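The structure appears below as structure tokens.
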Amino acid sequence: MKIRRKRVQANVSSAATGDIAFLLIIFFLILARVQDDSHLQWIPAQGTDIEQVKNARASVVIDVDNNTYLNGGQIGVGQLADELEKVIDVDPNRAVLFKVHREATAIYYEPAIEAISEAGGTVYHILEKE
Amino acid sequence: MKIRRNRKLLVDPPEAATGDIAFILIVFFLVCASVQPDQGREQNLPRSEEQEEKKNQTKNPTVLIKRGEVDVNDQRIKLAELPLKMSELLRGKERPEDRIVVVKSAKDTPYHFWIQITGQIEQAGGVITLQIEEEREVQVP
């Protein structure tokens, strides 16, 4: 008599796919948060002739307390040019988003503009349409 | 004989779908939270270089921005007159190096005012160049 071997099916449980997707999203969210500057407080100045700005790798923010940030991390103006150069060297557009609180004074924003210029960046003043 | 109706039916929702529901909810909130693309104005500035101050160094127009005031070539002008004045000064100048406008700012000049003035200069065809005075500390023995 021939005894048939019993076949056991080994399926991967698909119930966990939702959980895996959830964890992946959380992972990428945290990763994206590193370069985010949305937590910084600043009010844009108003301007005319403004256009949609292309994606840029670098953003320089001067907030309501006149602190300077590069890609969300606080930085001294003295180190800005060197650090900025490292970031924009890999960007063919060399675009730098410049977000300055509308009431910030020249003593704070002019050295930052100078640093962007020194790093060879193209400044995009982020403004609000009048 | 009275037949009792069975009222204890189990109507639990399938738990297997909770992961998918969470996933769709996250995607929904991500789309809602996605910020608008930034809008702004491009400004091409020449690379900075240190230059000693010399008298009558340049024939390019010089604009001094103070809080609420503007001087063009050391002459106070009204804000409304600035576009016309800049057009006059830059008339007939074709080369970019001839259209350079040297912009100096007082330390207390607010950014929104600076943007307004530099915007008007650029609209008149000027190429902005900043002149920033360097502060040096000298210790007196």
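Residue numbers (this note's numbering), protein chains in the order written: chain S, 14 to 143; chain G, 1307 to 1447.
Here a beta-carbon is modelled for each residue, glycine too, at the ideal position from N, C-alpha and C.
Keep in mind it's a predicted model, so treat the numbers as computed, not measured.
Note down, in chain order, each residue of its chain lying with its Cβ closer than 8 Å to the Cβ of residue i, except the 5 sequence neighbours on either side.
i, result
"Ser-130/S", "Val-136"
"Thr-81/S", "Val-73, Val-74, Ile-75, Gln-87, Ile-88, Gly-89, Val-90, Leu-93, Tyr-121 and Ala-125"
"Ala-1412/G", "Leu-1370, Ile-1371, Lys-1372 and Arg-1373"
"Ala-71/S", "Leu-83, Asn-84, Leu-97, Val-100, Ile-101, Asp-104, Ala-108, Val-109, Leu-110 and Gly-134"
"Lys-1391/G", "Val-1378 and Ile-1383"
"Asn-106/S", "Lys-67, Ala-69 and Thr-135"
Closer than 7 Å by C-beta to residue i: which residues in its own chain qualify, once you throw out the five before and the five after it? Chain order, please.
i, result
"His-114/S", "Trp-55, Ile-56, Ile-75, Asp-76 and Val-77"
"Ala-132/S", "Ala-94, Leu-97, Glu-98 and Ile-101"
"Ile-1406/G", "Asn-1366, Val-1433 and Thr-1435"
"Ala-12/S", "What the structure shows of chain S is the stretch from 14 to 143, and residue 12/S is not part of that stretch, so it cannot be assessed."
"Asn-1379/G", "Pro-1367 and Thr-1368"
Using the beta-carbon count (16 or more within 10 Å), is residue i buried or exposed?
i, result
"Gly-89/S", "exposed"
"Ala-23/S", "exposed"
"His-52/S", "exposed"
"Glu-1428/G", "buried"
"Arg-20/S", "exposed"
"Ile-63/S", "buried"
"Ser-27/S", "exposed"
"Met-14/S", "exposed"
"Thr-1424/G", "buried"
"Glu-1387/G", "exposed"
"Ile-1421/G", "buried"
"Phe-1334/G", "exposed"
"Leu-1396/G", "buried"
"Ala-119/S", "buried"
If you run the structure through DSSP and keep just helix, strand and coil, what is residue i?
i, result
"Arg-1347/G", "strand"
"Arg-1382/G", "strand"
"Glu-1387/G", "helix"
"Ala-1323/G", "helix"
"Ile-43/S", "helix"
"Pro-1352/G", "coil"
"Ala-108/S", "strand"
"Asn-1362/G", "Note that Asn-1362/G scores a pLDDT of 46, beneath 50, so its modelled location is shaky and nothing firm can be said."
"Gln-59/S", "strand"
"Ser-27/S", "helix"
Give the interface partners of residue i over in chain S, defined as CB-CB distance under 8 Å, in chain order.
i, result
"Ser-1411/G", "Ala-119 and Glu-123"
"Arg-1347/G", "Gly-60, Asp-62, Ile-63, Glu-64, Tyr-137, His-138 and Leu-140"
"Asp-1414/G", "Thr-118, Ala-119 and Ile-120"
"Gly-1425/G", "Gly-60, Thr-61 and Asp-62"
Can you pull the chain S neighbours of residue i, defined as C-beta to C-beta under 7 Å?
i, result
"Asn-1350/G", "Thr-135"
"Asp-1326/G", "Gly-31"
Please list, in chain order, the chain G residues whose beta carbon lies closer than 8 Å to that of residue i.
i, result
"His-114/S", "Tyr-1417"
"Ile-126/S", "Leu-1351 and Leu-1436"
With a threshold of 6 Å on Cβ separation, who are the neighbours of residue i within its own chain once the five nearest residues in sequence on each side are excluded?
i, result
"Pro-1389/G", "Gln-1426 and Ala-1430"
"Gln-59/S", "Glu-141 and Glu-143"
"Lys-1399/G", "Arg-1405"
"Val-1409/G", "Val-1369, Ile-1434 and Leu-1436"
"Thr-61/S", "Glu-143"
Run down chain G in chain order and give the residues with a C-beta less than 9 Å from the C-beta of residue i.
i, result
"Leu-110/S", "Asp-1344 and Gly-1346"
Check the Cβ of residue i against every Cβ in chain S and list those closer than 9 Å, keeping chain order.
i, result
"Ile-1421/G", "Ala-58, Gln-59, Gly-60, Val-113, Arg-115, His-138 and Leu-140"
"Ile-1406/G", "In chain order: nothing, as chain S lies at least about 14 Å away."
Residues, ordered as in the chain, of the segment 81–103 of chain S that lie near chain G by beta-carbon distance below 7 Å:
none
Taking beta-carbon pairs under 9 Å, can you tell me which members of the segment 18–40 of chain S lie near chain G?
Ser-27, Ala-28, Ala-29, Thr-30, Gly-31, Asp-32, Ile-33, Ala-34, Phe-35, Ile-38 and Ile-39
Taking any Cβ of chain S, which residues in the segment 1430–1441 of chain G have a Cβ under 9 Å from it, in chain order?
Leu-1436 and Ile-1438
Listed from N- to C-terminal order along the chain, which residues in the segment 1362–1378 of chain G have their beta-carbon within a distance smaller than 7 Å of any beta-carbon of chain S?
none
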